[in-house]
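Novice: First the structure, which I've put down as structure tokens, then a few questions once you've had a look.
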Amino acid sequence: MSLDTEHSEFARLIAQHQRAVQGYILANVPRWGDADEIWQETSVRLWLEFDKFQRGSNFAAWAIRVAHFEILTWRKKVSRNRLVFGDDFLQCLESEQGQFTSQQSQDRLKALDQCLQNSTEHQRELLSRFYEPNRQVEQIAEAMKCSVDAVYKSAQRIRKMLRHCIENRLQNAELYS
């Protein structure tokens, strides 16, 4: 395969499956900035190891597997942070990730967007601050005049509310389709 053909094929596959891989990374990493860094590292690793990819096999599954190892590398770097998910949780997510199609991922993102629109301004502001790159939880707590623990608990409640909202929207969409 010529280098130009290889570049074209890689670009096509990465564009086609980027959202699924980024979604997997975001599901496993608490901060957008960290997820973006892991996505960049994953993209580089995918390109460097593209010759190992078996043409005709599932690129998304392969890319997500590469992302999984990049997440593990990132976790080792930040293992002192209490927001890092455990290995068991990551394995559970990984097994569930394979069950989602690209369309399902898009449906979930659309539902998330709708659920965020229906959340309160305070909830959106907290999540925005919480996932802002290079923002420490202590800074958020100080700005919102509450404890660090209260910020973590609020973020957890909002994520739970969003998860239920997304699940309800997806179930309702299935009923009416």
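If you read the sequence shown in our numbering, its first letter stands for residue 12, the second for the next number, and so on. In this text, a Cβ means the ideal position worked out from N, Cα and C, and glycines have one as well.
So PHE70 and LEU24 are in contact, right, with Cβ under 8 Å, and what is the actual spacing, rounded?
Specialist: Right, the Cβ-Cβ distance comes to about 5 Å (below 8 Å), so this counts as a contact.
Novice: What is the DSSP secondary structure of THR131, counted as helix, strand or coil?
Specialist: In the structure shown, THR131 sits in coil (DSSP, three-state: anything other than H, G, I, E or B).
Novice: For GLU52, which residues in the same chain have their Cβ closer than 6 Å to its Cβ, ignoring the five residues on either side in sequence?
Specialist: Cβ neighbours of GLU52 beyond the five flanking positions: GLU81.
Novice: Any contact of the segment 118-130 with the segment 168-185, i.e. 3+ C-beta pairs under 8 Å?
Specialist: Touching, yes, given that three or more Cβ pairs across the two stretches are closer than 8 Å.
Novice: From which residue to which residue does the alpha helix (DSSP H) around SER54 run?
Specialist: 43-59 is the extent of the alpha helix (DSSP H) around SER54.
Novice: Excluding sequence positions up to five away, which residues of its chain have a Cβ less than 6 Å from the Cβ of GLU132?
Specialist: There are no such residues.
Novice: Let me know if ASP45 comes out buried or exposed under the rule of 16 or more other beta-carbons within 10 Å of its beta-carbon.
Specialist: Buried, by the Cβ-count rule.
Novice: Helix or strand or just coil, what does DSSP make of ARG140?
Specialist: Looking at ARG140 - three-state DSSP - the assignment turns out to be helix.
Novice: Could you pull out every residue in the same chain whose Cβ sits closer than 8 Å to the Cβ of ALA152, ignoring the five residues on either side in sequence?
Specialist: Around ALA152: SER158, VAL159, ALA161 and VAL162.
Novice: Mind checking ASN39: buried by the 16 CB within 10 Å criterion, or exposed?
Specialist: Buried: at least 16 other Cβ atoms inside 10 Å.
Novice: For ARG23, which three-state DSSP category applies?
Specialist: Helix.
Novice: Inspect the beta-carbon positions of ILE36 and ALA78 and report whether they are closer than 9 Å.
Specialist: Taking 9 Å as the Cβ cut-off, ILE36 and ALA78 qualify as a contacting pair.
Novice: Helix, strand or coil: how does DSSP classify GLN65 here?
Specialist: Three-state DSSP puts GLN65 in coil, outside helix and strand.
Novice: Taking C-beta to C-beta, are ILE169 and LEU138 nearer than 9 Å?
Specialist: It is a contact, given that the beta carbons lie within the stated cut-off.
Novice: Locate the alpha helix (DSSP H) running through ARG76, then write down its first and last residues.
Specialist: 70-88 is the extent of the alpha helix (DSSP H) around ARG76.
Novice: Let me know the secondary structure DSSP gives ARG180 once reduced to three states.
Specialist: Here ARG180 sits in helix by DSSP.
Novice: Anyone know if the C-beta pair for GLN27 and TRP50 falls short of 9 Å?
Specialist: Not in contact: GLN27 and TRP50 (Cβ atoms no closer than 9 Å).
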